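2 protein chains.
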Amino acid sequence: MGSPVKRLSIKDIAKTAHVSNSTVSRALRNSPLVNRETGDLIRRIAEDAGYRPSAAARSLVTRRTHTIGVVVTTISDPFVADVVSGIEDAAEAQGFSVFLANSHAEPAREKRVVRSFEERRVDGIIVTSSRVGSLHVSMLSQMEVPVVLLNNQHDNEAAHSVMIDNHGGSFAATQHLTGHGHRRIGYIGDRFGYQSDSERLAGYRAALEAAGIEFDEALVARGDGKPEGAREALGQLLSLARKPTGIFCYNDMSALGVMHEAGKRGLRVPEDLSLVGFDDLYISQYLNPPLTTVRQPMAGMGRMATETLLRLIAREPAPPVVTVRGELIVRESVCAPRVVRAQARSARAGAGGARASARSER
Amino acid sequence: MGSPVKRLSIKDIAKTAHVSNSTVSRALRNSPLVNRETGDLIRRIAEDAGYRPSAAARSLVTRRTHTIGVVVTTISDPFVADVVSGIEDAAEAQGFSVFLANSHAEPAREKRVVRSFEERRVDGIIVTSSRVGSLHVSMLSQMEVPVVLLNNQHDNEAAHSVMIDNHGGSFAATQHLTGHGHRRIGYIGDRFGYQSDSERLAGYRAALEAAGIEFDEALVARGDGKPEGAREALGQLLSLARKPTGIFCYNDMSALGVMHEAGKRGLRVPEDLSLVGFDDLYISQYLNPPLTTVRQPMAGMGRMATETLLRLIAREPAPPVVTVRGELIVRESVCAPRVVRAQARSARAGAGGARASARSER
DNA sequence: TAGTTTAATGCAAACGTTGTCAAAAATCTC
DNA sequence: GAGATTTTTGACAACGTTTGCATTAAACTA
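Just so you know, the protein sequences line up as chains V and S, in that order. Heads up: the first sequence begins at 1 in the working numbering, then just goes up one per residue. Heads up: the second sequence begins at 1 in the working numbering, then just goes up one per residue.
So this is what it looks like as structure tokens:
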């Protein structure tokens, strides 16, 4: 009760310390220009009074807000959430605060968000996994603040960016499948034709080619990057005369949908259907079976994006595009296809017949 | 190229419109005090010039930043991410921007976050699922801005809050289990002794009692709210002489861990072990089997929290605590325990012998 | 037509900082 | 012990808005 209703200003501190505003200002930022003792006194007074300098007033004169704007399509996507977590950590560590805005991929909302960021004079902007193309780019380039794109879905020469190595990642994922003897491998992509989708598709095709497997258009189905779309896509793939024995999914969420649908149809993963995802979401390790997938260091990428951005803000040089390699995390959603297993079994039976019969004797 | 390096101020607009700053200021905020035509002209000029008023300058005089601070332990938690999504949507809709800060439950970090919010003069603060008790509360109550707590883990008379009805939700969840004939029901909670944990435990006990089942301390195990802790907790429960046939988990993440561990041990859900969770995360519907759980309307709760906060900011009355009821979402992770199924089968065999034999005849 | 409203505009003082410049005080030099 | 430095401080003008008050112009009244 009786809580001080009036915020203190620098003048209040100056008055009780019997010095001028300037001295207080300097003292609080530990300027060497102020006498040690006076400085200590001032700081003590300010601390005791619970004084907090006004960021607004400060940034009005310094023309820096120590603020970054982060635009995401939706924070409800676990991938995005992890990225944002990394961004916030890195920003906070350097004294920057982050404004978070969902665009929900709605142009109108995006426009409002950008306007808001402009009015708030953010020092820089990070855009994550934007689906919007020209809109963003043109609006963003109007602004005179640095922008960094994270896994953006459209080429953009203007802005700096950090991206996952889609091609390499999906190559490794697909190769993992071919390495287990799969020859009919499906790809469940994203129907919106994003850059990451086409790059992953390309990596898939390259791996197929490397294994001497001919690409079959019928084996690529389009989901929506979410479980629901992937379920439909799986249905499509399973209606084929020659069904795939393994599937590489655009992302883990799709793989989740596939697992679910496969279970519903009485298909067992990996015995009946091998599966590889992309992202390595936190939950992927806890699925039944644990999902083999390509890990994207999401928080790390968020941190990298922040670091480039902060560098740009400080007018230091920064790499225009940093590509991070995904890592194949082998778990239990892949095994050799049934035919291959059968062959192996009979081969073993032939070669090690004695052992086999010995065992069956007891 | 040739991008205007200098931000325009209201004066620039005033100059080209041949009016004073005041008139521009008024015109841009559609004040009725300015002549219609002049207003239109000014607005057109401002629009063409791409003028953006400085939020900092404005809030310096209005003493409102139209900004809210959101503190979460970590945005990587899907529950939290959904809540934040709701918060952001509701805030954006009213022209407020949100500062997001992870505390990672570290006192030092929390302290920095609160300080940052103070300096930025946020108009209000939302704290989600805070684990920290006295620290937050005392620091927050120092601030003269309104605070609303969402699913906070400690009682707090000072702040407004929106909470899930933990007792009712877990009562329903447990009752669902007893309704299927389960008598030995485990509870996997959270080892940190949060309020939500004890309330859910209480709901569980109440449902047990309502079903005439004696509470057995040995059947409550403590996880950590994450899959890993739940796996250990399950191990503990399964080492009991009289194992539970069903388990109610503190949250879906714990249920995920239990499902995973159960699978590893060759236990099938729900045939060998029924499972009910709490939260209804997005992924829960896609698990194998789809998880029966208590739904928390996470985004909705975020929106409610924002609405109360905005009301408080506007100095309008707001309910000090809004409790939202969880909804039991029945999916496929629960069935009758083996013994009950066996009884049912023999009962049916006895009562409907004719029908049964008739069917077996054909 | 003069007097009175009413409608539009402008002036200037905030808001709370920072930073330049000048002044004052303390400390060196020789 | 008087200049020359070096520290340390203070005054004051920004920064870009909003807003109370005064002023001017226009439109009514009687």
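All C-beta atoms, glycine included, are put in the ideal place defined by N, C-alpha and C. Note that the coordinates shown come from a computational prediction; the quantities given were computed from them, not determined experimentally.
Notebook entry, point to check: Should threonine 65 of chain V be flagged as near chain S, meaning a C-beta pair shorter than 8 Å?
Noted result: yes
Notebook entry, point to check: Which residues, taken in chain order from the segment 234-258 of chain S, show a beta carbon closer than 7 Å to some beta carbon of chain V?
Noted result: Leu256, Gly257
Margin query: My assumption, with CB atoms under 8 Å, is that glutamine 296 of chain S sits in contact with glycine 326 of chain S. Please give the rounded CB distance.
Written below: 6 Å
Next item on the list: Measuring only between beta-carbons, confirm whether asparagine 288 of chain V sits less than 8 Å from chain S.
Entry: yes
Next item on the list: Compare the C-beta of arginine 44 of chain V with all C-beta atoms of chain S and state if any pair is closer than 8 Å.
Entry: no
Notebook entry, point to check: Can you tell me whether phenylalanine 96 of chain V is buried or exposed, with buried defined as 16 or more other CB within 10 angstroms of its CB?
Noted result: buried
Item checked: Contact set for aspartate 12 of chain V: own chain, Cβ-Cβ below 8 Å, skip 5 residues either direction -> Ala49, Tyr51
Check: What residue does the alpha helix (DSSP H) around asparagine 102 of chain V start on, and which one ends it?
Finding: For asparagine 102 of chain V, there is no enclosing alpha helix (DSSP H); the residue is part of the beta strand (DSSP E) that begins and ends at 97-102.
Note to self: Pairs of beta-carbons, one from the segment 329-341 of chain S and one from the segment 177-186 of chain S, closer than 8 Å: are there three or more?
What the structure shows: Counting Cβ pairs under 8 Å, three or more are found: they touch.
Notebook entry, point to check: What separation, rounded to the nearest whole angstrom, lies between the Cα atoms of aspartate 197 of chain V and alanine 230 of chain V?
Noted result: Their Cα atoms are separated by approximately 14 Å.
Item checked: Contact list for glutamate 118 of chain V against chain S, beta-carbon separation under 7 Å -> Arg52
Margin query: With a threshold of 8 Å between beta-carbons, can serine 9 of chain S be considered close to chain V, or not?
Written below: no
Item checked: Sequence-distant residues of its chain with Cβ nearer than 6 Å to phenylalanine 99 of chain V (five each side left out) -> Excluding sequence positions up to five before and after phenylalanine 99 of chain V, its CB lies within less than 6 Å of the CB of Gly69, all in the same chain and listed in chain order.
Note to self: Check whether the segment 163-171 of chain V and the segment 99-111 of chain V are in contact - that is, three or more C-beta pairs closer than 8 Å.
What the structure shows: The answer is no - the segment 99-111 of chain V does not touch the segment 163-171 of chain V, with fewer than three Cβ pairs under 8 Å.
Item checked: Limits of the beta strand (DSSP E) - the one that glutamate 327 of chain S falls within -> 327-329
Margin query: Assuming leucine 310 of chain V is part of the alpha helix (DSSP H), what are its boundary residues?
Written below: 298-313
Check: The beta strand (DSSP E) spanning leucine 275 of chain V covers which residue range?
Finding: 274-279
Check: For aspartate 40 of chain V, does the count of other Cβ atoms within 10 angstroms reach 16, so buried, or fall short, so exposed?
Finding: The residue in question, aspartate 40 of chain V, is exposed, as its Cβ has fewer than 16 Cβ neighbours within 10 Å.
Check: Does the pairing of the segment 217-237 of chain S with the segment 57-71 of chain S give three or more beta-carbon distances under 8 Å?
Finding: Not touching, per the Cβ criterion.
Checklist line | Every unbroken beta strand (DSSP E) within the segment 168-209 of chain S, with a cutoff of 3 residues, ordered by chain | finding: 185-190
Notebook entry, point to check: Excluding five sequence neighbours on each side, which residues of the same chain lie with their C-beta closer than 7 Å to the C-beta of serine 134 of chain S?
Noted result: Any reading at serine 134 of chain S must be qualified, since the residue scores a pLDDT of 46, below 50, and its modelled position is unreliable; the value itself is stated next. Counting only Cβ-Cβ distances below 7 Å, and skipping sequence neighbours, we find nothing.
Notebook entry, point to check: Are any of the Cβ atoms in chain V nearer than 8 Å to that of glutamate 316 of chain S?
Noted result: Taking a beta-carbon distance threshold of 8 Å, glutamate 316 of chain S does not count as an interface residue toward chain V.
Next item on the list: Take the Cβ of proline 78 of chain S as the centre, count every other Cβ of all protein chains shown within 10 Å, and call the residue buried at 16 or more, exposed below.
Entry: buried
Item checked: Cross-chain neighbours of glutamate 88 of chain V in chain S, by beta carbon under 9 Å -> Ile75, Leu100, Ala101, Asn102
Checklist line | Proximity test, Cβ basis, 8 Å: glutamate 92 of chain S and chain V | finding: Glutamate 92 of chain S counts as touching chain V.
Checklist line | Residue closest to leucine 256 of chain S, alpha-carbon to alpha-carbon, out of S:Ala241, S:Thr73, S:Arg222, S:Gly277 | finding: S:Gly277
Next item on the list: Give a yes or no on whether the minimum CB-CB distance between leucine 142 of chain S and chain V is below 8 Å.
Entry: For the sequence presented, residue 142 of chain S should be read as glutamine rather than leucine. Taking Cβ atoms only, chain V reaches closer than 8 Å to glutamine 142 of chain S, which makes this a yes.
Next item on the list: Scan the segment 231-272 of chain S and note each continuous beta strand (DSSP E) run of 3 residues or more that stays entirely inside, going in chain order.
Entry: 246-249
Next item on the list: Can you give me the start and stop residues for the alpha helix (DSSP H) that arginine 26 of chain S sits inside?
Entry: 21-28
Notebook entry, point to check: Which same chain residues, not among the five before or five after glutamate 307 of chain S, have their C-beta less than 7 Å away from its C-beta?
Noted result: Ala90
Check: Among S:Ala349, S:Arg348, S:Val321, S:Gln343, which has the Cα closest to the Cα of glutamate 157 of chain S?
Finding: S:Val321
Margin query: Using only the alpha-carbon positions, how far apart do asparagine 251 of chain S and histidine 176 of chain S sit?
Written below: The alpha-carbon of asparagine 251 of chain S is positioned some 16 Å away from that of histidine 176 of chain S.
Check: What residues are listed by DSSP as bridge partners for valine 70 of chain V?
Finding: V:Leu100, V:Ile126
Check: Can the beta-carbon of proline 289 of chain S be found closer than 8 Å to that of valine 269 of chain S?
Finding: yes
Check: Name the chain S residues that come within less than 8 Å of alanine 17 of chain V, Cβ to Cβ?
Finding: Within chain S, no residue comes near alanine 17 of chain V; the closest Cβ sits about 20 Å away, beyond 8 Å.
Margin query: Quick check on serine 134 of chain V - is its C-beta less than 8 Å from some C-beta in chain S?
Written below: Bear in mind that the predicted position of serine 134 of chain V carries a pLDDT of just 46, short of 50, making it unreliable; the figure below should be weighed with that in mind. It does not: the Cβ of serine 134 of chain V has no partner Cβ on chain S nearer than 8 Å.
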